Amino acid sequence: LKLLTGGGSTELTEFLKGISIDISQARVEGIGARVGAVMAAIIAINILGSLFTISPGFLGLCAVAVSLIWPTWTTELYERLSRFLQETRAVGRGENTAPTMVRARNRQDK
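Okay, here's the thing in structure tokens:
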């Protein structure tokens, strides 16, 4: 852990501690969702890699089309990642002990 944090980064330490607490508190539905997300990510990366090998120009065209249809994806992704990092750090500090699935469900209910 000291190698990852550089010896003094409390943000990374809190984040890693939050992840470990979150995983240790994971319920059956949380574990299933995590395994599903890992499988979907692996499949998506493999498909994108195959498409890039076949035709990089096609992926460029797809990127332009997606950015024209959904121009705010970068700010939305940044906001979502920032919120996730803050919530996970809060778990690492002991401020918020609800598992990730419960926090995600609470955000969807709002």
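According to this note's numbering, the sequence shown is numbered sequentially starting from 6.
For each residue, glycine too, the CB sits at the ideal point set by N, CA and C.
Fair warning: this is a prediction, and the values are worked out from it, not measured in the lab.
In this structure, V71 lies away from I26, with their beta-carbon atoms at least 8 Å apart.
Around the Cβ of F57, a 10 Å sphere holds fewer than 16 other Cβ atoms; the residue is exposed. Per DSSP, the unbroken alpha helix (DSSP H) holding T18 starts and ends at T15 to S29.
The three-state secondary structure of G97, taken from DSSP, is helix. Within the same chain, Cβ atoms closer than 8 Å to the Cβ of L64 are found at L53, L56 and F57, the five residues on either side in sequence being excluded.
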